[in-house]
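Colleague: Take a look at this one; I'll ask things after.
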Amino acid sequence: MKPKIVFENVTKTYTLYEGKFEKLFDLFTSKRKKNKTFYALRNISFEVYEGETIGIIGVNGSGKSTLSNLLAQVLPPTSGKITIDGETSLIAISVGLNNNLTGLENIELKCLMHGLRKETIKEITPKIVEFADIGDFIRQPVKNYSSGMRSRLGFAISVHTNPDILIIDEALSVGDETFYEKCLAKMDEFKKQGKTIFFISHSITQVRSFCDKVIWLHHGKVESFGGIGQVIRQYKQYISWHNKLSEEEQKKYKSDMMAKQLIPTGQNDNVGSPVKLQRRSEKAKKKPEKKGNSVILTALFLSIVISAYMMIKDGFPHAASASKGIENTEKHADVQQASKKTPAQKEVRMVNQEGFVRENQMELFNDSEKKNLMMSLNFSKKVMVLEEMDQLYKIRLDDGTEGYTDQKNISFLDDHSDTKKLAMNEILPITPDVFSETYQFYLAYINKKEEKIKTDLRGLTNESEQNSHEKLLEFGNRQIYYRINNGISTALIVEGVDTNAPEFSQLSEYAILKDEQGNFGLVQTEQNQIIYNKINGSLTIEMK
Amino acid sequence: MRFVLQVKNEQLKNVHLIFRLAIYDIKGQYQLHYLGWLWQILNPIFQVALYWFVFGFGIRKGSPVGDTPFLVWLLVGLIPWFFVGPSILQGSNSIYSRITLVSKMKFPVSILPTINLVTNSFNFFSMMLILVIILAVNKINAGLYLLQLPYYLLCLYIFLFAVALLFSTISIIIRDFQLLVQSGMRMVFFLLPIVWRMDNLPPLYVNILKLNPVFYLIEGFRHTFLGGGWFFEELTYTAYFWSITLFVLFLGSYMHIKFRNKFVDYI
């Protein structure tokens, strides 16, 4: 018959560290310093065959739990070889149940974690519920369970996950007699199915009642392994011998045994050396692959460093903005900013946007070197900006004339310009009384025929030609002029404005367009746009 | 290379298990609360409201970011963060917190960080749905840029998995690491362009902050939902992001496999 489980010279050691830092230090170096090694299990060898039920007994600290963890493959051995043929399942007190979930949910969870299929889980859930037999508590969160209920549920789940090898670690000690009987019945069923069971317990009666063989662990060593009667007799003899000792003798015996398990590293006996040999051979085997790993890691690391360097060194085009999605708003401002940022830029950029002259008597040249003065433009004249280049704009006038001027002379109205509006009567206090008393009358004559004004308004004092198609009609007594373009009045000019009044400075706050000195500005009312001129104290009112 | 493949195969083999366990995780988390899973949504809403009030209303005085309302701008950055933050934080603790649950059986420990990622994904996707509704209400359509979404989701998941795997392994060996991650994440939040714009910083500082790979993800999500850039337009940055992600992935898988058997010893 093939053995189910084979232990060959299995040793499990724990290194005892003096402090936390030594543990960390040990991780990174292979040199072992003065740390002590505790042999939880030392040179254990045994074979177990299919269908056997093995009891594991021993006093506290003899290594029973370590052995059960090795059997369940939860812990790896320090040295030696463990061969296990089949799936193991460890049943311990309150083995990993989720406290917040109900019993039923825990059943599915644990079954899933054991790798069972959905259909199987559905099939065995009622069986588990029946076996655990905890009534309506199955629908309650596990944290409300008593310790007995918890161990019942844990046990019920574990036995139903259909393992080949069962390891029961003192799980039954909390169950009552009725549950104990039930478990025994289940064990017998498993035995009949030919499964291997390890039963770890302090209770000799429990071990005697259903084990075939017993392992007596004593301070990390197998003291005895064999038939149930013989081993238990030896164990009982030891217990009674030990109990007869005086308290001091008991203490001395215990510390002697502990000292044997505790060996300073460096002066290891023959147990330690195979470990090192094995490790060394493993290292040798893995070498080529290790090299490959470090090559990949180094390459990736280099790649990080290089790209990081490139990022920091010259940055990328959009470095300054955390999110570029916003940039294309407020184009006007952008155009201006961009041109300011790059004064040395010689290249030409298309703009194609409406702008306004923000300088009185602005000079317009017909070449980009600013040599030939073409004409001068008045404040607030609307122009089309065609291109931008080194500190210059190329602009086009309404009549198709194209020319060049400094960028600072042209302004783009911002989008909020519509919101800045004055009411006409806010302007009146600064105008002469002769105007403000009947201002609506005068405003009504904007965009009227020259003859109509001449016949309706009396007191024309002067008529002056400005240029070929523009002239002014002066009504000196009323301190107003009408500007006539091609026989139609296009603007009303009011003179004698009080430039010192606080209302005048208010104008500049409302101005959507201003020159640099603050002498000229453009404000808006509901129907009109008004250009103020601080130098000669006049307002030029036009229809929109 | 073997390590990465091994970890990858363990994930693929246990896809069903990962999803079932993630669902139980959520169930377990909120079972004791009267409002249950609603907290998954309520929690972020409170936080969004707070950030909106403090940063949008208090500091920015309600002004929009460009032509995007601040709330929308905030959400597009904050929602990925609500995924990244908890995923890294819980991810780095994922193995430690469950080692007792799985140590008594043979269990592919490498899927524990993934379970965590999936748990947080439920929340993430429900928040994304809300985001889409908000974008539609505000009539913000990034058009073609939305096609980048699968790319950035891929970045997000690979990055988070790599980080969670590495951090969870380290924090088993060195418990202090978990606390370090905790305070680190709190700092990182404010060093990302989530609640504030970095326009006023000199480009050099911005570039240094960009070395944080999460920056790449947050910026990517903004580009995707609000438009404004393609990931291949910033090749250097994309190369940087992937180098660091793959580096973390390799290192994480290597350390995980190497120390896996000793996890129980370290606790």
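Protein chains in written order, with my numbering: chain A, -16 to 527; chain B, 22 to 288.
Here a beta-carbon is modelled for each residue, glycine too, at the ideal position from N, C-alpha and C.
Are at least three pairs of beta-carbons, each pair with one atom in the stretch 486 to 506 of chain A and one in the stretch 457 to 476 of chain A, less than 8 Å apart?
Modeller: Touching, no.
Colleague: Output, in sequence order along the chain, the residues in the stretch 260 to 283 of chain B whose CB is closer than 8 Å to any CB in chain A.
Modeller: Cβ contacts with chain A come from A260, Y261, S264, I265, L267, F268, F271, L272, Y275, N282 and K283.
Colleague: Going along chain A, which residues have a C-beta under 8 Å from B:I229?
Modeller: Near B:I229 (Cβ distances below 8 Å), the residues of chain A are I295.
Colleague: Please work out which residues of its chain come closer than 7 Å, Cβ to Cβ, to B:A163, disregarding the five sequence neighbours upstream and downstream, and give them in chain order.
Modeller: Closer than 7 Å at Cβ, skipping near neighbours: T245, F246, L247 and G248.
Colleague: Would you decide whether A:L228 is buried or exposed? Buried here means 16 or more other CB atoms lie within 10 Å of its CB.
Modeller: Exposed.
Colleague: Name the DSSP bridge partner or partners of A:I513?
Modeller: A:V506 and A:I524.
Colleague: Taking DSSP's pairing of strands, which residues face A:I378 in a bridge?
Modeller: Looking at the DSSP assignment, A:I378 forms a beta bridge with A:V368 and A:G386.
Colleague: Run the CB neighbour count on A:E337, radius 10 Å, all protein chains shown included, and call it buried at 16 or more, exposed below.
Modeller: Under this definition A:E337 is an exposed residue.
Colleague: Measuring alpha carbon to alpha carbon, tell me which residue in A:K296, A:E385, A:Y(-3) and A:G504 is nearest A:I246.
Modeller: The shortest Cα separation from A:I246 among A:K296, A:E385, A:Y(-3) and A:G504 belongs to A:Y(-3).
Colleague: Leaving out the 5 sequence neighbours to the left and right, which residues in its chain are closer than 7 Å to B:F252 when beta-carbon positions are compared?
Modeller: Result list for B:F252: Q169, Y172, G241 and T259, in chain order.
Colleague: Let's test the definition: count the other Cβ atoms within 10 Å of the Cβ of A:E342 and tell me whether it reaches 16, buried, or not, exposed.
Modeller: It counts as buried.
Colleague: Thinking C-alpha only, which one of A:W224, A:M407, A:N483 and A:T414 is nearest A:Q507?
Modeller: A:Q507 has its Cα closest to that of A:M407, out of A:W224, A:M407, A:N483 and A:T414.
Colleague: Measure the C-alpha to C-alpha separation of B:L222 and B:V269 and round it to an integer number of angstroms.
Modeller: Distance between the alpha carbons of B:L222 and B:V269 is about 29 Å.
Colleague: Thinking just about the alpha-carbon of each residue, which of B:Q68, B:W58, B:H54 and B:N137 is nearest to the one in B:F188?
Modeller: Out of B:Q68, B:W58, B:H54 and B:N137, B:N137 has the C-alpha closest to the C-alpha of B:F188.
Colleague: Between which two residues does the beta strand (DSSP E) containing A:I183 stretch?
Modeller: Segment T179 to I183, the beta strand (DSSP E) holding A:I183.
Colleague: Taking 9 Å as the CB-CB cut-off, is B:Y172 touching chain A?
Modeller: Closer than 9 Å: no.
Colleague: Going by DSSP, name the residue or residues bridged to A:Y493.
Modeller: According to DSSP, A:Y493 bridges with nothing at all.
Colleague: Looking at chain A, is there any beta carbon in it that lies within less than 9 Å of the beta carbon of B:R41?
Modeller: Yes, because at least one Cβ of chain A sits closer than 9 Å to the Cβ of B:R41.
Colleague: Looking only at DSSP bridge pairs, what is B:Y275 linked to?
Modeller: DSSP output for B:Y275 lists no bridge partner at all.
Colleague: Residues in its own chain within less than 6 Å of B:W94 by CB, not counting five upstream and five downstream?
Modeller: Counting only Cβ-Cβ distances below 6 Å, and skipping sequence neighbours, we find V86.
Colleague: Going along the stretch 34 to 67 of chain A in order, which residues come within less than 7 Å of chain B, judged by CB to CB distance?
Modeller: Per Cβ criterion, the list reads A55, Q56, V57, L58 and P59.
Colleague: Below 8 Å, is the gap between the Cβ of A:I151 and the nearest heavy atom of the ligand SAH?
Modeller: With respect to small molecules bound, the structure shown includes none, and the ligand SAH cannot be examined in it.
Colleague: Applying the 10 Å Cβ sphere with the 16-neighbour rule, what's the burial state of B:L53?
Modeller: So B:L53 counts as exposed.
Colleague: Looking at chain A, is there any beta carbon in it that lies within less than 9 Å of the beta carbon of B:F128?
Modeller: Closer than 9 Å: yes.
Colleague: What residue range is occupied by the uninterrupted beta strand (DSSP E) comprising A:H452?
Modeller: Looking at the DSSP string, A:H452 is not in any beta strand (DSSP E), and its letter there is neither H nor E.
Colleague: Please report the residue range of the beta strand (DSSP E) in which A:N355 lies.
Modeller: Where A:N355 is concerned, there is no enclosing beta strand (DSSP E), given that its DSSP letter is neither H nor E.
Colleague: Would you list the one or two residues that DSSP bridges to A:R191?
Modeller: DSSP output for A:R191 lists no bridge partner at all.
Colleague: Does the count of Cβ pairs from the stretch 61 to 74 of chain A and the stretch 104 to 117 of chain B closer than 8 Å reach three?
Modeller: No: fewer than three Cβ pairs fall under 8 Å.
Colleague: Taking only runs that begin and end inside the stretch 86 to 160 of chain B, name each unbroken alpha helix (DSSP H) of 4 or more residues, in chain order.
Modeller: Listed in chain order, they are 91 to 123 and 132 to 158.
Colleague: In terms of residue numbering, what span does the alpha helix (DSSP H) encompassing A:V103 cover?
Modeller: A quick correction: the sequence has Thr, not Val, at residue 103 of chain A. Note, A:T103: alpha helix (DSSP H), K101 to A115.
Colleague: With three or more beta-carbon pairs closer than 8 Å as the criterion, would you say the stretch 119 to 126 of chain A touches the stretch 158 to 176 of chain A?
Modeller: With a cut-off of 8 Å, the stretch 158 to 176 of chain A and the stretch 119 to 126 of chain A do not count as touching, because too few Cβ pairs lie within range.
Colleague: Leaving out five residues before and five after A:A321 in sequence, what residues of the same chain have Cβ atoms less than 6 Å from its Cβ?
Modeller: Low confidence applies here, because A:A321 scores a pLDDT of 42, under 50, leaving its location unreliable; read the following figure in that light. Once the five neighbours on either side are set aside, A:A321 has no close Cβ partner at all.
Colleague: Name, please, each residue of chain B whose Cβ falls closer than 7 Å to the Cβ of A:F395.
Modeller: Going along chain B, no residue has its Cβ under 7 Å from A:F395, so there is no contact; the nearest lies around 18 Å.
Colleague: Would you call the stretch 507 to 521 of chain A and the stretch 367 to 378 of chain A touching, i.e. three or more CB-CB distances under 8 Å?
Modeller: Counting Cβ pairs under 8 Å, fewer than three are found: no touch.
Colleague: What's the gap between the Cα of B:D220 and the Cα of B:L238?
Modeller: Looking at the two C-alpha atoms, the distance is approximately 18 Å.
Colleague: Would you call A:K269 buried or exposed, if buried means 16 or more other Cβ atoms sit within 10 Å of its Cβ?
Modeller: Any reading at A:K269 must be qualified, since the residue scores a pLDDT of 46, below 50, and its modelled position is unreliable; no value is offered.
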